[in-house]
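*Asks:* Got a structure here, written out as structure tokens. Questions coming.
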Amino acid sequence: MNTIQPCRMLLRLALLFLLGAFLAPPLSAQSIAGSDPHPDLHLYDAADFGVDPSAVTFAKDIAPILQRSCQNCHNPSGGAPMSLTTYDEVRPWAQVIKNRTAIRDRMGAMPPFFLEKDIGIQEFKYDPTLSDEELAMIQAWADNGAPRGDPADMPPPIAFDKTGRWTIGEPDLVVRSAEFTMPEVAADWWGDLGLVPTGLTEDRYVKAVEVREVNDIPVDGSASTVGGRYIFHHMTYSVGELNEDDTALDPETSASFPIHEVGRNADMFPEKAGRLLSANSALHLRAAHLHANGRETTGHLEFGFVFHPKDYEPEYRRARFLLGNGTDIDVPPGRSNQEFHSFTVLQQHTKIVAFEPHLHAPGTRMCIEAIWGGNHFTLNCVGYDHNWVKQYVYEDDAAPLLPKGTILHIVGFLDTTDANENLADNRNWAGGGRRSVSNMFIDLGYSVELTEEQFQAEMAERRAKMKSRNDYDVGCFLCWAPVTDMTSTIAEEEEQGGGR
Ligand code: HEC
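Numbering (this note's numbering), first residue to last: 331 to 830.
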């Protein structure tokens, strides 16, 4: 079901598109072409937002933006290279901040959340992105000499504790892996770190999970790169019940949990689709990738779980389809505008919970689209920076609700020219594989299956929030379709011999 279309197919599509542009009325799909890792900066004129550029100050306008979108990392004990909490800390960075924020949705952008704002669904959980007006204010402020303004306008400072906070709140259960020591300089380490029992004596459903590395690197910002602060590059793990002699997970109950990767955010499962952590369960840390970071480092992983109440039962099942390709990949060197395509036909009504583009160093961008009948809906496009693997979790009432039969399509964009600084060596051909110098093209996001009743109920809820029949929701393209019971209609048609 998942294929990568060779270039010839693309060429044909491109020709068709060009022909179509001349001969036919405009296509319903918006153009999503482009792999450029560094398109134009998003620059705005403050005056267009009714803001006097010379009146923008740090205290009044900039500090609140930094508090909301930057300081959770850029604080004295956060993961970022410098703290951005006081005027004196921020002032020297004004021009760099202007540029990094204006990149907005491509590699190098700050904050690192690469959502394209001019296409697709815009409602995401933990979205730290800046509005056009906020970008305009930062730009006006930096260009105007970065004035401090009146200290009385400063918002109260945020208190950061140095212990490192869980973003999911205080976990109900924390499971720790064994310590691992990486030498100062060493080859990458791959392998299975074995089983870690959860100690649970009753079944519990997981509402949220967060994985973090705890190590002996000082939190004084001495590491200048993200990789320099950690030894665990990523960890793929499964959860299930221990077998009789506690030597393995029972394959019947074993299920993979979302991957841990440096820079990846926590997982909040949808309210109606909590994930089971059963009595006598264990985590199987089955595929770890560790790397040396230039100083001998000892560290372990902590898995924090927040549970639903004890009587909770999930209503939705996790959907099982794969979108992408991890092995059969051909990436020629020195070439921009490379595209990968993958398709799958949804066998069940589906709600997409999260979109998680996964490419490797050549990746610059990924789009996800839904094709239904003659229509083609771009659900989202996001930039990609292999230093930051991000997942995009939809707000519950904006998540795509797709009928069975929808063709889901992802497009990965790659650039192997000098313009892509993430490449170790752009002279090399690369194929599929696990290392960052090899390639992957996968949507690691997750979805839930809906029954006919659940699908109709979700759409009815969505419709109820719309103001009029003219309201349009790209993630719910059947929202205004005549509300019929599809199963009985199909059954009736078949009875009358009308089904094809
Ligand atoms: C999720 C954590 C995180 C958030 C949120 C974040 N940053 Fe960063 N920032 C980093 C890290 C880590 C680096 C260094 C690695 C890199 O450049 O990707 C960095 C680098 C930077 C740099 C470049 C520093 C240099 O040496 O050139 C600037 C400027 C910056 N951030 C500003 C911001 C601003 C402004 C915001 C909010 C609008 C922000 N960051 C939000 C983690 C973060």
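C-beta atoms are modelled at their ideal positions from N, C-alpha and C, and glycine is treated no differently.
#1: CA-CA distance, tryptophan 810 and lysine 428?
#2: Residues bridged to arginine 647 by DSSP?
#3: What does a CB cutoff of less than 8 Å around threonine 382 pick up in its chain, not counting 5 residues either side in sequence?
#4: Which value, in whole angstroms, describes the spacing of the CA atoms of glycine 664 and alanine 691?
#5: Relative to the C-alpha of leucine 523, which residue among Pro369, Gly634, Leu615 is closest?
#6: Sorry if obvious, but does the Cβ on serine 413 come closer than 7 Å to a heavy atom of ligand 1?
#7: Please list, in chain order, all residues of the same chain as valine 539 whose beta carbon is under 6 Å from its beta carbon, the five residues on each side excluded.
#8: Nearest-angstrom Cα distance between alanine 472 and serine 461?
#9: State buried or exposed for glutamate 591, treating a residue as buried only when at least 16 other CB atoms are found within 10 Å of its CB.
#10: How many Å lie between proline 812 and valine 778 at the Cα?
#11: Find the nearest neighbour of glycine 629 within the set His638, Ile561, Arg757, judged by alpha-carbon distance.
#12: Is the CB-CB distance between leucine 709 and proline 730 below 8 Å?
#13: Would you tell me roughly how many angstroms separate the C-alpha atoms of phenylalanine 388 and tyrosine 374, rounded to the nearest one?
#14: Taking all protein chains shown into account, decide if serine 384 is buried (16 or more other Cβ within 10 angstroms of its Cβ) or exposed.
#15: Ligand 1 and proline 442: does any heavy atom of the ligand fall closer than 7 Å to the residue's C-beta?
#16: Using C-beta distances below 8 Å, list every residue in its chain close to asparagine 573, excluding the 5 sequence neighbours before and after it, in chain order.
#17: Please report how far the alpha carbon of methionine 467 lies from the alpha carbon of glycine 624, in whole angstroms.
#18: Please report how far the alpha carbon of tyrosine 535 lies from the alpha carbon of threonine 583, in whole angstroms.
#19: Can you grab the Cα-Cα spacing for the pair proline 369 / aspartate 727, in whole Å?
#20: For threonine 333, count the other beta carbons within 10 Å of its own beta carbon; 16 or more makes it buried, fewer makes it exposed. Which is it?
#21: Hey, out of Asp457, His621, Pro458, Phe743, whose CA is closest to alanine 516's CA?
#22: In whole angstroms, what separates the C-alpha of alanine 787 from that of threonine 415?
#23: Secondary structure at glycine 693, three-state DSSP: helix, strand or coil?
#24: Do asparagine 758 and threonine 747 have their C-beta atoms within less than 8 Å of each other?
#25: In the DSSP output, which residue or residues are listed as bridge partners for methionine 598?
#26: With a CB to CB cut of under 6 Å and the five nearest residues on each side skipped, what residues in its chain are close to histidine 638?
#27: I'd like the span of the alpha helix (DSSP H) that includes isoleucine 315, first residue to last.
#28: So, tryptophan 718 versus proline 411, is the Cβ gap smaller than 8 Å?
#29: When you compare the CB positions of phenylalanine 743 and glutamate 669, do they come within less than 8 Å of one another, or not?
#30: Should proline 458 be counted as a contact of ligand 1 given a C-beta to heavy atom distance under 7 Å?
#31: Suppose contacts are defined by Cβ-Cβ distances below 8 Å. Is methionine 565 in contact with alanine 508 by that definition?
*Replies:* From the atom records:
#1: 42 Å
#2: Glu779
#3: The question names threonine, but residue 382 is aspartate in the sequence shown. Closer than 8 Å at Cβ, skipping near neighbours: Ala376.
#4: 13 Å
#5: Leu615
#6: Checking every heavy atom of ligand 1 against the Cβ of serine 413, none is found closer than 7 Å.
#7: Asp597, Phe635
#8: Their Cα atoms are separated by approximately 17 Å.
#9: buried
#10: 24 Å
#11: Of all alpha-carbon atoms in His638, Ile561, Arg757, the one lying nearest the alpha-carbon of glycine 629 is that of Ile561.
#12: yes
#13: 18 Å
#14: Looking at its Cβ environment, which holds fewer than 16 other Cβ atoms inside 10 Å, serine 384 is exposed.
#15: yes
#16: Leu579, Asp580
#17: 39 Å
#18: 14 Å
#19: The C-alpha of proline 369 lies about 32 Å from the C-alpha of aspartate 727.
#20: In this predicted model, threonine 333 has a pLDDT of only 39, less than 50, meaning its place in the structure is not dependable; the value taken from the coordinates is given anyway. Exposed.
#21: Of the listed residues, the one whose Cα sits closest to alanine 516 is His621.
#22: Cα atoms of alanine 787 and threonine 415: separation of roughly 45 Å, rounded to the nearest angstrom.
#23: strand
#24: Between asparagine 758 and threonine 747, the CB-CB gap reaches or exceeds 8 Å.
#25: Ala538
#26: Tyr535, Lys537, Gly604
#27: Nothing in the structure corresponds to residue 315, since the chain is present only between 331 and 830.
#28: no
#29: yes
#30: yes
#31: In this structure, alanine 508 does not lie closer than 8 Å to methionine 565 by Cβ.
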